[in-house]
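Asks: Can you read through this structure? Questions will come right after.
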Amino acid sequence: DQQVKQNSPSLSVQEGRISILNCDYTNSMFDYFLWYKKYPAEGPTFLISISSIKDKNEDGRFTVFLNKSAKHLSLHIVPSQPGDSAVYFCAAPASGGSYIPTFGRGTSLIVHP
Amino acid sequence: DSGVTQTPKHLITATGQRVTLRCSPRSGDLSVYWYQQSLDQGLQFLIHYYNGEERAKGNILERFSAQQFPDLHSELNLSSLELGDSALYFCASSVDLSDTQYFGPGTRLTVL
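Those sequence lines, one after another, are chains A and B.
Following this note's numbering, the numbering of the first sequence begins with -10 at its first residue and continues without gaps.
Following this note's numbering, the numbering of the second sequence begins with 109 at its first residue and continues without gaps.
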């Protein structure tokens, strides 16, 4: 049972445009979410997080939105740059007393020059 | 550089063999996590240690085991290796039990 789902395996965007990566979750006990970026043959790198007490968190070109009622979060990258081309993972590090971290399968973003 | 180190970077071995992967967490981090990433798969959580104690188990095979030592480094032992165990194995560390995890560069295991 996948508790964190990234339903789009890939996304292609033009440089300068907005990239929107989506993530859905099923466990309402999740109270903290993370986005990671991963280049081939490297470990995932922490990008941005959001707590369930917020509905938005911004860091430079990256903004994460959380819609608790829909159990949905999204990562916006504006403007997209070719160096943003990577696999992005949505993750819930723990859920209500369980310390089992849950990752989505990832979305591969390609930003075309 | 995340501050998490993993050795070796690459490992090639044969079926039936046993290998040990090593992870050193960031300074001050008490939690160590192990993940497996097979081709075209997401990150599969294997096991979590906190300050020397096992805290959570994921989809870890009985042929696999791990431990965290008093100096907080961790080792993942894989035995009776099968072709399907070929994957990238990542270690991550965090300060506390449910904090942001910082990943190492991974160990690429190839079983021939």
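Every residue, glycine too, gets a C-beta built ideally from N, C-alpha and C.
Remember, it's a predicted structure, so these values are computed and weren't measured experimentally.
1) Any Cβ of chain A within less than 8 Å of the Cβ of G111 (chain B)?
2) Taking any Cβ of chain B, which residues in the region 18 to 30 of chain A have a Cβ under 8 Å from it, in chain order?
3) Do A164 (chain B) and I89 (chain A) have their beta-carbon atoms positioned less than 8 Å apart in this structure?
4) Whose Cβ in chain B lies nearer than 7 Å to the Cβ of I89 (chain A)?
5) Under 8 Å between beta-carbons, which chain B residues line up against R6 (chain A)? List them in chain order, please.
6) CA-CA distance, Q178 (chain B) and F172 (chain B)?
7) Quick one: what's I168 (chain B) bridged to in DSSP?
8) Does chain A have any CB closer than 8 Å to the CB of T76 (chain B)?
9) Sorted by chain position, which residues of the same chain lie with C-beta nearer than 6 Å to L196 (chain B)'s C-beta, five sequence neighbours on each side aside?
10) Starting from Y197 (chain B), trace the beta strand (DSSP E) both ways and give me its first and last residue.
11) Could you please give me the residues that DSSP links to H118 (chain B) through a beta bridge?
12) Between the Cα of S139 (chain B) and those of B:V219, B:T208, B:H118, spot the shortest distance and give me the residue it belongs to.
13) Between D(-3) (chain A) and the rest of its own chain, which residues show a CB-CB distance below 7 Å, the 5 nearest in sequence each way excluded?
14) Please state the DSSP three-state secondary structure of L191 (chain B).
15) Would L129 (chain B) be called buried (16 or more neighbouring beta carbons within 10 Å of its own) or exposed?
Replies: Quick look at the numbers:
1) For this step, residue 111 (chain B) is matched to residue 3 along the second sequence. Not one chain A Cβ lies under 8 Å of G111 (chain B).
2) Y21, L23, Y25, A30
3) Taking the first sequence and counting its residues from 1, the one referred to as residue 89 (chain A) is at position 100. Taking the second sequence and counting its residues from 1, the one referred to as residue 164 (chain B) is at position 56. Closer than 8 Å, so yes.
4) In the first sequence, residue 89 (chain A) corresponds to position 100, counting from 1. In chain order: F153, A164, G166.
5) Along the first sequence, read from residue 1 onward, the residue named residue 6 (chain A) stands at position 17. Chain B residues near R6 (chain A): none, gap ~26 Å exceeds 8 Å.
6) Numbered from 1 along the second sequence, position 70 holds the residue referred to as residue 178 (chain B). Numbered from 1 along the second sequence, position 64 holds the residue referred to as residue 172 (chain B). Here residue 178 (chain B) turns out to be Pro, not Gln, going by the sequence shown. Distance between the alpha carbons of P178 (chain B) and F172 (chain B) is about 20 Å.
7) As a working mapping, residue 168 (chain B) is identified with position 60 in the second sequence. Answer by DSSP bridge pairing: none, since I168 (chain B) is not bridged.
8) Residue 76 (chain B) lies beyond the residue range present for chain B, which begins at 109 and ends at 220; the question has no answer from this structure.
9) For the purposes of this step, residue 196 (chain B) is identified with residue 88 of the second sequence, where counting begins at 1. Excluding residues within five positions, the ones whose Cβ falls inside 6 Å are Q145, G214, R216.
10) Residue 197 (chain B) sits at position 89 when you count from the first residue of the second sequence. Note, Y197 (chain B): beta strand (DSSP E), 195 to 202.
11) For the purposes of this step, residue 118 (chain B) is taken as the residue at position 10 of the second sequence. In the DSSP output, where bridge partners are listed per residue, H118 (chain B) has B:R216.
12) The residue labelled residue 139 (chain B) in the question sits at position 31 within the second sequence. Of B:V219, B:T208, B:H118, the residue nearest in Cα terms is B:T208.
13) Residue -3 (chain A) sits at position 8 when you count from the first residue of the first sequence. Reading off the sequence shown, one finds Ser at residue -3 (chain A), where the question assumed Asp. If we look at S(-3) (chain A) and ignore the five residues flanking it on each side, its Cβ neighbours are N11, T96.
14) The residue labelled residue 191 (chain B) in the question sits at position 83 within the second sequence. Of the three classes helix, strand and coil, the one that applies to L191 (chain B) here is helix, per DSSP.
15) As a first step, residue 129 (chain B) must be located in the second sequence, where it is residue number 21. L129 (chain B) is buried by the Cβ-count criterion.
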